[in-house]
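Numbering (this note's numbering), first residue to last: 1 to 111.
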């Protein structure tokens, strides 16, 4: 009778340890918070709206910074006066500068 009691105690300890691990895993995944979020459609829409705004602003800022860096290097390339792409780059920089100065059209723009 004693060996059965020991095996049951070991089984209970192992089961308790597994339940604790499962509880810790559920807490880490925040499953309860996710279920509450799904139960409240207004909060879900609000959170998704904020996430969308954040992504949009991040994309806009990132694109602006990349464009500024690209224009900086294009201007430096024009200064080097590269024969093949120098004129093309100069036209691009001139178009961007025109748009930044208020969008005035220039000759040959086709508008």
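A virtual CB, placed ideally from N, CA and C, is assigned to each residue, including glycine.
None of these values were measured; they are calculated from a predicted model.
When 85, 70, 17, 80 are compared, the shortest CA-CA separation from residue 96 is found for 70. Within the same chain, no Cβ atom closer than 6 Å to the Cβ of residue 57 is found once the five residues on either side in sequence are excluded. With respect to the C-alpha of residue 73, the residue from 93, 49, 63 having the closest C-alpha is 93. Between residue 78 and residue 68, the gap from beta carbon to beta carbon reaches 8 Å or more.
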